[in-house]
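Peer 1:
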Amino acid sequence: MQKDNSDQELEINKIIEALGTPPEAEPSDFIKEVEAGSRKAETLAEQENTRIIAMRDRWSNWVLFFIGVIVVFDIILVSLYGFGIWDFKDSRVVMVVITENFLKIIGLGMLITHSIFKKIYQ
Amino acid sequence: MQIDTLKIENTAFDVLDEAGIEEPVVDAVKIASSRSIAVKEIEMPENFSDVAGFYNNKEKTIYVAKMDKPVRKLFTVAHELGHIFLGHKQYDVLFRIPKPDVSYTRAEKEANIFAANLLMPEFMVKEYMDKYNLTRLDYVRLAEIFGVPIPAMRDQLEHIR
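As you go down the protein sequences, you meet chains S and F in turn.
Here the first sequence is numbered in this note's numbering, starting from 1 and rising by one per residue.
Here the second sequence is numbered in this note's numbering, starting from 123 and rising by one per residue.
Here you go:
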């Protein structure tokens, strides 16, 4: 329902009339409350951000370590097979192991980055 | 005629610039007093308990409902300042909860856009999102930082490019 201008004016006038004598000015200190709430929220945001950055540092080191372990494992495996120390009889075994490890690396990276750095992906 | 959102955004930006405000919380009461406009908190008369605020042009006073939360009061002041800075001749009282049967006038919509851009200007919101690594999903935290009602921040984030 659209109100016309005279209706609007009437509404304000009705409130002013109902108020009677204009009330004494009360110092509007609600802004102080708003500012206090804001400061508190900023502190929390700052703490959260610091925690996230610390967690990101910690986990990125671990992710790097796990990926390193898998790569070294692959190198050793291939070397052992290549120098004839190990013989899997069927060469497809090695291919399967390497493929599986490669997928592990991709999966690990994707899983961890998506869960830890969720905010960045949103 | 369509509402010129960009013009309203620029008006709000100019007001902030003139007041030298670069970070939240935007003190709309201070902006009002710089224009010799008083802000008073009152208990709304009976039958008008759903009114959040209004501007009395004769007294140069913005009245806000005493019982409202501080963030709501701040938004009300910014909304009423919108009417003043946008040069509206006629405007309604601001209802706390939009009435379902009332389609708001152009002036009311414009005042809301002004209030949103005064209290949560795009440059400031983006700056704080970067500063604290926040996303649009962190609208509650952003609302707390900017001292605005949560739905207002959610709405503003939808409009930020």
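C-beta atoms are modelled at their ideal positions from N, C-alpha and C, and glycine is treated no differently.
1. Pull up the CB-CB distance for M275/F and Y261/F, whole angstroms please, since I reckon it's below 8 Å.
2. May I have the straight-line CA-CA distance separating E230/F from I206/F, to the nearest angstrom?
3. Should M242/F and V199/F be called a contact, given that it needs their Cβ atoms to be closer than 9 Å?
4. For the segment 237 to 256 of chain F, list every residue whose C-beta sits within 9 Å of some C-beta in chain S, in sequence order.
5. Under three-state DSSP, which class holds G175/F?
6. In this structure, does DSSP put I184/F in helix, strand or coil?
7. Using only the alpha-carbon positions, how far apart do A238/F and K32/S sit?
8. Kindly indicate which three-state DSSP category I125/F falls into: helix, strand or coil?
9. If contacts are defined as beta-carbon pairs under 8 Å, then K182/F and A160/F qualify, I think. What distance do you get, rounded to the angstrom?
10. Would you tell me roughly how many angstroms separate the C-alpha atoms of R39/S and D74/S, rounded to the nearest one?
11. Exposed or buried, what is R194/F when buried is set at 16 or more other beta-carbons lying within 10 Å of its beta-carbon?
12. Which term fits Q278/F, buried or exposed, when burial requires 16 or more other beta carbons within 10 angstroms of its beta carbon?
13. Check whether the Cβ atoms of E266/F and G68/S lie closer than 9 Å to each other.
14. Buried or exposed, going by whether 16 or more other CB atoms sit within 10 Å of the CB of T133/F?
15. Contact defined as beta carbons within less than 8 Å: I believe I235/F pairs with I125/F. What is the distance between those atoms, to the nearest angstrom?
16. Any idea what DSSP makes of N78/S, helix, strand or coil?
17. Return the CA-CA distance between T96/F and I164/F, expressed in angstroms with no decimal places.
18. Quick check on G175/F: buried or exposed, where buried means 16 or more other Cβ atoms within 10 Å of its Cβ?
19. Check V286/F in the structure and name its three-state DSSP category.
Peer 2: In terms of the structure at hand:
1. Indexing the second sequence from 1 puts residue 275/F at position 153. Indexing the second sequence from 1 puts residue 261/F at position 139. Yes, they are in contact, since the Cβ atoms of M275/F and Y261/F sit about 5 Å apart, within 8 Å.
2. Working through the second sequence from its first residue, we reach residue 230/F at position 108. Working through the second sequence from its first residue, we reach residue 206/F at position 84. Rounded to the nearest whole angstrom, the CA to CA distance from E230/F to I206/F is 12 Å.
3. Translated into the one-based positions of the second sequence, residue 242/F becomes position 120. Translated into the one-based positions of the second sequence, residue 199/F becomes position 77. No, Cβ-Cβ distance for M242/F and V199/F is not below 9 Å.
4. Residues Y250, K253, Y254, N255 and L256.
5. Taking the second sequence and counting its residues from 1, one reaches residue 175/F at position 53. The DSSP-derived three-state label of G175/F is strand.
6. Residue numbering aside, residue 184/F sits at position 62 when the second sequence is read from its first letter. Looking at I184/F - three-state DSSP - the assignment turns out to be strand.
7. Position 116 of the second sequence holds residue 238/F. Position 32 of the first sequence holds residue 32/S. Taking C-alpha positions only, A238/F is separated from K32/S by approximately 20 Å.
8. If you number the second sequence from 1, residue 125/F lands on position 3. In the three-state reduction of the DSSP assignment, I125/F falls in the coil class, being assigned neither a helical nor a strand state.
9. Your numbering for residue 182/F matches position 60 in the second sequence. Your numbering for residue 160/F matches position 38 in the second sequence. Rounded, the Cβ-Cβ distance is 7 Å, consistent with contact.
10. Looking up residue 39/S in the first sequence gives position 39. Looking up residue 74/S in the first sequence gives position 74. When the Cα atoms are used, R39/S and D74/S turn out to be separated by approximately 52 Å.
11. Walking along the second sequence from the start, residue 194/F turns up at place 72. Classification of R194/F: buried, given that the 10 Å Cβ count is 16 or more.
12. To locate residue 278/F, count along the second sequence from 1; it is residue 156. The residue in question, Q278/F, is buried, as its Cβ has 16 or more Cβ neighbours within 10 Å.
13. Walking along the second sequence from the start, residue 266/F turns up at place 144. Walking along the first sequence from the start, residue 68/S turns up at place 68. Cβ distance not < 9 Å, so E266/F and G68/S don't count as in contact.
14. In the second sequence, the residue the question calls residue 133/F occupies position 11. With 16 or more Cβ atoms within 10 Å of its Cβ, T133/F is classed as buried.
15. Along the second sequence, read from residue 1 onward, the residue named residue 235/F stands at position 113. Along the second sequence, read from residue 1 onward, the residue named residue 125/F stands at position 3. The Cβ separation is near 7 Å, so the contact holds.
16. Position 78 of the first sequence, counted from the first residue, corresponds to residue 78/S. With the sequence shown as reference, residue 78/S is identified as Val, and Asn is not the correct amino acid for it. In the three-state reduction of the DSSP assignment, V78/S falls in the helix class.
17. The structure shown has nothing for residue 96/F, since chain F only spans 123 to 283.
18. Within the second sequence, the letter at position 53 stands for residue 175/F. That one is buried.
19. There is simply no residue 286/F to check, as chain F begins at 123 and stops at 283 in what is shown.
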